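Here the sequence shown is numbered in this note's numbering, starting from 393 and rising by one per residue.
Just so you know, even glycine gets a beta-carbon here, dropped at the ideal spot from N, CA and C.
Computed from a predicted model, the values in this text were never measured in an experiment.
Below is one structure; the comments refer to it alone.
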Amino acid sequence: MERINAQQAKEMLLYVADCIIEAKPMLTEVDSAIGDGDHGIGMAGGLKKAKDKLLKMEEPADVYAVFTAAGKAMLMSMGGASGVIFGSMFMGGAKGMEPAGQISAGEFADMMKNSLAVIKERGKAEVGDKTMVDAFSPAVDAMLAHAEEGFVAMLEKAQESALKGVKSTKNFEAKFGRAKTQGTTIGFQDAGATSVWIIMKAMYEYVSQER
């Protein structure tokens, strides 16, 4: 699979939304260990709004507009830091792009790279701070390294790298959010990083089915 069109982008994000909504109990459990336990609720709610928005987009013609619509729906519905960060994951890299009926794996990787830059600028988090960046940054690196191999291979490597990033967060102390005041967070994985992995895994599963 060398390229995805706007309709496929829409279907992929709908599948992502369903996977996050299904993972709500697991994300709540992960967040409850070191946070306030509302990450799963926020993510599921935000992706539900994104799903509603996407379903209203009949025969979309612009891939970037699809990602922007999903991200904006999350931003407007989730509120707080998570809404800004995860909304930016979808819309940050699509902002200002010329309309495109389809994009290559390389263009998708570049979009995600730009989204990561927006997230790091807004959240001020780096790898090692026990945030979603610990999963998203290595996933983006994997996408950039494997983009020439097409969507399936690229996203397979991305979700594998994201999972390694999730596991790495068990070794870090939290520097942001409520978790940083909860005593030691060593030994617990970050909920935001876990959400990134679920998103990457869902994208990989979708393109694998479209092969």
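- Residue pairing from DSSP places Q494 in a beta bridge opposite N397.
- Around the CB of Q400, 16 or more other CB atoms lie within 10 Å, so the residue is classed as buried.
- In chain order, A550, S553, A554 and M592 place their CB closer than 6 Å to the CB of A531, counting only its own chain and leaving out the 5 sequence neighbours on each side.
- In the same chain as A594, and ignoring 5 residues on each side of it, the C-beta atoms closer than 7 Å to its own belong to Y407, V408 and C411, in chain order.
- Closest by C-alpha distance to K440, out of G479, I578, E450 and F580, is G479.
- The shortest CA-to-CA distance from S560 to any of L447, T523 and E450 is the one to T523.
- In terms of CA proximity to F564, I426 leads the group L547, I426, P452 and I433.
- Our two residues, Y456 and A534, have alpha carbons roughly 21 Å apart in a direct line.
- Within the same chain, M535, L536 and A539 come within 6 Å of A501 by CB-CB distance, once the 5 residues on both sides are set aside.
- Between the alpha carbons of R514 and K487 lies a gap of roughly 15 Å.
- Here A517 carries a coil assignment [DSSP, helix/strand/coil].
- The three-state secondary structure of D526, taken from DSSP, is helix.
- Spatial neighbours of G463 in its own chain (CB-CB distance under 6 Å, excluding positions within 5 residues in sequence) are listed in chain order as G479, F482 and M483.
- Between M393 and E602, the beta carbon gap of about 6 Å places them in contact (Cβ cut-off 8 Å).
- Only residues of its own chain outside the window of five on either side were considered, and among them I426, E565, A566 and A571 have a CB closer than 6 Å to the CB of T577, listed in chain order.
- Per DSSP, Q551 is one residue of the alpha helix (DSSP H) stretching across F543 to S560.
- The residues K562, in chain order, have a CB closer than 7 Å to that of G579 in the same chain once the five nearest residues on each side in sequence are set aside.
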